[in-house]
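Those protein sequence lines, which keep their order, are chains W and E. Following numbering that gives the first Met the number 0, the numbering of the first sequence begins with 0 at its first residue and continues without gaps. Following numbering that gives the first Met the number 0, the numbering of the second sequence begins with 0 at its first residue and continues without gaps. By construction, the Cβ of each residue, glycine as well, lies at the ideal position given by its N, Cα and C atoms. A quick write-up on the structure given underneath.
2 protein chains.
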Amino acid sequence: MLCWLDGLPANALPPADRGLAYGDGLFETLAVKDGRPRLLQRHLARLAEGCQRLAITLDVSAVADELERFAARLGEGVAKLIVTRGDGQRGYAPAVNQPARRILLGSPFPAYPKENAAQGIALFPCRTRLAEQPLLAGLKHLNRLEQVLARAEWQGSEYAEGLMCDSSGRLIEGVFSNLFMVKNGELLTPALNRCGVAGVMRGLIIDLAASAHIALQVRDIDGHELPAACEVFVCNSLYGIWPVRRFAAQSWQVGALTRTLQRLLATAED
Amino acid sequence: MLCWLDGLPANALPPADRGLAYGDGLFETLAVKDGRPRLLQRHLARLAEGCQRLAITLDVSAVADELERFAARLGEGVAKLIVTRGDGQRGYAPAVNQPARRILLGSPFPAYPKENAAQGIALFPCRTRLAEQPLLAGLKHLNRLEQVLARAEWQGSEYAEGLMCDSSGRLIEGVFSNLFMVKNGELLTPALNRCGVAGVMRGLIIDLAASAHIALQVRDIDGHELPAACEVFVCNSLYGIWPVRRFAAQSWQVGALTRTLQRLLATAED
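As structure tokens, then:
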């Protein structure tokens, strides 16, 4: 596995790192194609916001350069960037202005079945709920035990993703995806101000919808609204858009708006 | 820093560890005195419960042996044991029956002021709330960003600890301690079935109170109940019991029951 630590090839991490001790950090998962990191500016913008909210000191322009060099070396696959607050002493108190540690891990592109994007997927109904924590909502931070528990709820290939609600029963996201639906001709995606990860692909789709004059609302969506949806899809920055064909007793055809967005995405990606 | 990886001296961690990637693991912080880990059986029991709830495969008896050897080598100080699910591939899905990784870190005993236990401390009112997640409540898992945010709320030595409430305003715990109070002659400590860490020292104090026929309730405690308390203290397995002398506009004398428990603790610890 290709691995860089603070810009240099490495195969090991200092054991006092606060990323390990407390999950005190953030990550980004970037598709790498033709030696280039895709959607780089969007990933960097989210990372910068996360660092600002967690008061992690990171030189984002240096990270941009590092990601480009790493992607050139990787060629094709996935670049996972982990940013931690760096080494800690005992105790939770964070050192002030300590420069963040960057860990870059390269891996092959996941072997997603082609049918997922073409014919759609079945969504597993996860029992694991997302706790509501506004201070961390939206961030792609390293505290991901809820996702680990949710992903462990199903095995096998029948379900390509799982749907997670918050503790109040609102629809939030997939385990590793964001969620969209179409209702009354309008695109809807859950507000992520209490929990959830504000995905880079979600942001791109919101912008594409605006450019194409597709009505879109970002709002709280109760679980009971799902049956009234006429299209449902999930998205992330690796696979793009997967239509949802089935969830519990509910089933959908792949809808026209979903197809439109898949097409817009195919030409829009940087 | 003394560091062992899976029972052997090491100074680095594999970067694909799921403890770093997702906080997918647990930890224990043990006082080491005269070459022995204190309250070892209680720490191991909590660790075993955590592994069972997170489906992490750990040979707890091997860990006991490892901790005893590590403590003998360390002599005096703090042994921090981190248990992770081990290395991961890309994605949240945990491998089944993968043996856990053990990381042991030794550090000197913290230089807590002697007055903390003798005269009591001031408690900072943290604004950071604990999210309610029953699936993780009570566990000492590696997802600790809430504690990092809470601990960053104050600097300096005026406050030795901070008090955290859950998102509904119930009293839960300190940032690195559990909370007790005395009200109407009865010992109270918050129920930890929605959030919080069920500390080893908390468990010992509950047992000591039972042995000494001190009435005790573990229950939800609303923030508004604090002013009615006649004694308040915090505890953890490193420092034992610190009386709380001040919180916001509230102040207390060190009470008789707090002193009794400090005395019981001094003779009870293994």
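query                                                                                                                                                                 : result
Within 8 Å of any Cβ in chain W, is that where the Cβ of E/GLN146 sits?                                                                                               : yes
Please report the distance separating the alpha-carbon of E/ALA247 from that of E/GLU224.                                                                             : 14 Å
Could you have a look at W/ASP221 and say whether DSSP puts it in helix, strand or coil?                                                                              : strand
Just to confirm the assignment, what range does the alpha helix (DSSP H) spanning E/ILE55 have?                                                                       : Unbroken run through E/ILE55: none, as it is neither H nor E.
W/VAL147 and E/TYR21: beta carbons closer than 8 Å?                                                                                                                   : yes
Taking Cβ-Cβ distances shorter than 7 Å, what residues in chain E pair up with W/MET0?                                                                                : ALA15
I need the straight-line Cα distance from E/SER176 to E/GLY198, nearest angstrom please.                                                                              : 7 Å
Using DSSP with H/G/I as helix, E/B as strand and the rest coil, what is W/LYS113?                                                                                    : coil
When DSSP labels each residue in this structure, what does W/ARG201 get in the three-state scheme?                                                                    : helix
Are the C-beta atoms of W/ARG37 and some chain E residue less than 8 Å apart?                                                                                         : no
For the region 78-98 of chain E, list every residue whose C-beta sits within 9 Å of some C-beta in chain W, in sequence order.                                        : LYS79, ILE81, THR83, ARG84, GLN88, ARG89, GLY90, TYR91, ALA92, PRO93, VAL95
Kindly identify the DSSP beta-bridge partner or partners of E/VAL233.                                                                                                 : E/LEU178, E/TRP241
Helix or strand or just coil, what does DSSP make of E/GLY18?                                                                                                         : helix
Can you find a CB in chain E that lies within less than 8 Å of the CB of W/ILE213?                                                                                    : no
With H, G and I counted as helix, E and B as strand and the rest as coil, what does DSSP make of W/HIS42?                                                             : helix
Enumerate, from N- to C-terminal direction, the unbroken alpha helix (DSSP H) stretches of 4 or more residues contained entirely within the region 91-174 of chain W. : 114-118, 144-150
Using DSSP with H/G/I as helix, E/B as strand and the rest coil, what is W/ALA227?                                                                                    : helix
Assuming contact is defined by CB atoms lying nearer than 8 Å, are W/ARG100 and W/PRO93 in contact in what I supplied?                                                : no
Mind checking the region 121-141 of chain W against chain E and listing, in chain order, the residues whose C-beta falls within less than 7 Å of any C-beta there?    : THR127, ALA130, GLU131, GLN132, LEU134, LEU135, HIS140, LEU141
Looking only at its own chain, which residues have a Cβ that is under 7 Å from the Cβ of W/ALA136, when we skip the five neighbours before and after it?              : LEU191, ASN192, ARG193, CYS194, GLY195
Just to check my reading of the structure: W/LEU138 and W/GLY24 have Cβ atoms closer than 8 Å, yes? What is that Cβ distance to the nearest angstrom?                 : The pair is not a contact, with the Cβ atoms about 10 Å apart (cut-off 8 Å).
According to the neighbour-count rule (16 or more other Cβ atoms, all chains shown, within 10 Å of its Cβ), is W/ASP16 buried or exposed?                             : buried
Quick one: which residues of the region 61-78 of chain W get their C-beta closer than 7 Å to a C-beta of chain E? List them in chain order.                           : VAL77
Figure out for me which residue from E/GLN132, E/ALA30, E/GLY254, E/LEU43 has the closest Cα to the Cα of E/VAL181.                                                   : E/GLY254
As a quick exercise: from W/HIS212, W/ASP219, W/ALA9, W/PHE179, pick the residue whose alpha carbon is nearest that of W/GLY168.                                      : W/ASP219
Of the residues that make up the region 164-178 of chain W, which ones have a beta carbon closer than 8 Å to any beta carbon in chain E?                              : SER166, VAL174, PHE175
Assuming contact is defined by CB atoms lying nearer than 8 Å, are E/THR127 and E/GLU157 in contact in what I supplied?                                               : no
Return yes when the Cβ of W/ILE102 is within less than 8 Å of the Cβ of W/LEU29, no when it is not.                                                                   : no
Name the residue from W/ILE213, W/ALA61, W/GLU27 whose alpha carbon lies nearest to the alpha carbon of W/PRO98.                                                      : W/ALA61
With a cut-off of 8 Å on the beta carbons, I'd call E/ALA70 and E/PRO36 a contact; round off their distance for me.                                                   : 4 Å
For E/THR266, count neighbouring Cβ atoms within 10 angstroms of its own Cβ and tell me buried if that reaches 16, exposed if not.                                    : exposed
W/GLY105 CB to nearest chain E CB: under 8 Å?                                                                                                                         : no
Would you mind giving the Cβ-Cβ distance between W/PHE213 and W/LEU256, rounded to the nearest angstrom? I have them listed as a contact below 8 Å.                   : For the record, residue 213 of chain W in the displayed sequence is Ile; it is not Phe. So it is a contact: roughly 7 Å between Cβ atoms.
Taking 7 Å as the cut-off, does the CB of E/THR28 come closer than this to any heavy atom belonging to the ligand PLP?                                                : In the structure on display, the ligand PLP does not appear, and there are no ligands present to speak of.
DSSP three-state call for W/GLU48: helix, strand or coil?                                                                                                             : helix
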